[in-house]
Amino acid sequence: MQLLPVAAAGHPALLYKSDAYRARAVREPRKVLAEFGVRLPPETAVRVWDSTAEVRYLVLPMRPPGTEGMSQDELAALVTRDSMIGTGLPKVPA
Numbered sequence: 001m002q003l004l005p006v007a008a009a010g011h012p013a014l015l016y017k018s019d020a021y022r023a024r025a026v027r028e029p030r031k032v033l034a035e036f037g038v039r040l041p042p043e044t045a046v047r048v049w050d051s052t053a054e055v056r057y058l059v060l061p062m063r064p065p066g067t068e069g070m071s072q073d074e075l076a077a078l079v080t081r082d083s084m085i086g087t088g089l090p091k092v093p094a
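For the sequence shown, the UniProt record's numbering gives the first residue as 1, with consecutive numbering after it.
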């Protein structure tokens, strides 16, 4: 199954509910992320957790380098929708 960026894939919930997609995300998470344009260094741990009706997980985007001392509002401006769902990284400050 080919994964496409959100703009081309349509409603994301349909993709995320697919058994094939979910199984592949567990087997090869780095490849799935790469298809969204996310390439992480080898030393970055990637863990895949499935949610249930009783348990939900919150994705906290990684703090970009060079953001020490930034205000909460400045940091919030770096967060993207994709970084909140785990298919992208936050923006890097200019």
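Idealized CB from N, CA, C, for every residue including glycine.
Notebook entry, point to check: If we call anything under 8 Å between Cβ atoms a contact, is Pro93 one with Val79?
Noted result: In this structure, Val79 does not lie closer than 8 Å to Pro93 by Cβ.
Query raised in the report: Leaving out the 5 sequence neighbours to the left and right, which residues in its chain are closer than 7 Å to Ile85 when beta-carbon positions are compared?
Result: Val59, listed in sequence order.
Quiz item: To the nearest angstrom, how far is it from the Cα of Asp19 to the Cα of Glu43?
Solution: Between Asp19 and Glu43, the C-alpha separation is close to 28 Å.
- Query: If we ignore side chains and look at the alpha-carbon of each, how far apart do Asp82 and Lys31 end up?
  - Reply: Whole-angstrom Cα-Cα distance: 16 Å.
Query raised in the report: Quick one: Cα of Lys91 to Cα of Glu35, how far?
Result: Between Lys91 and Glu35, the alpha-carbon positions lie close to 18 Å from each other.
| field | C-alpha gap between Asp50 and Glu28, whole angstroms | value | Roughly 14 Å between the two C-alpha positions.
Determine the DSSP secondary structure at residue 121, reduced to helix, strand or coil. Nothing about residue 121 can be reported from this structure: the residues present for the chain run from 1 to 94 only.
Review point. What separation, rounded to the nearest whole angstrom, lies between the Cα atoms of Arg16 and Gly69?
Key: First, the amino acid is wrong: residue 16 is Tyr here, not Arg. Whole-angstrom Cα-Cα distance: 36 Å.
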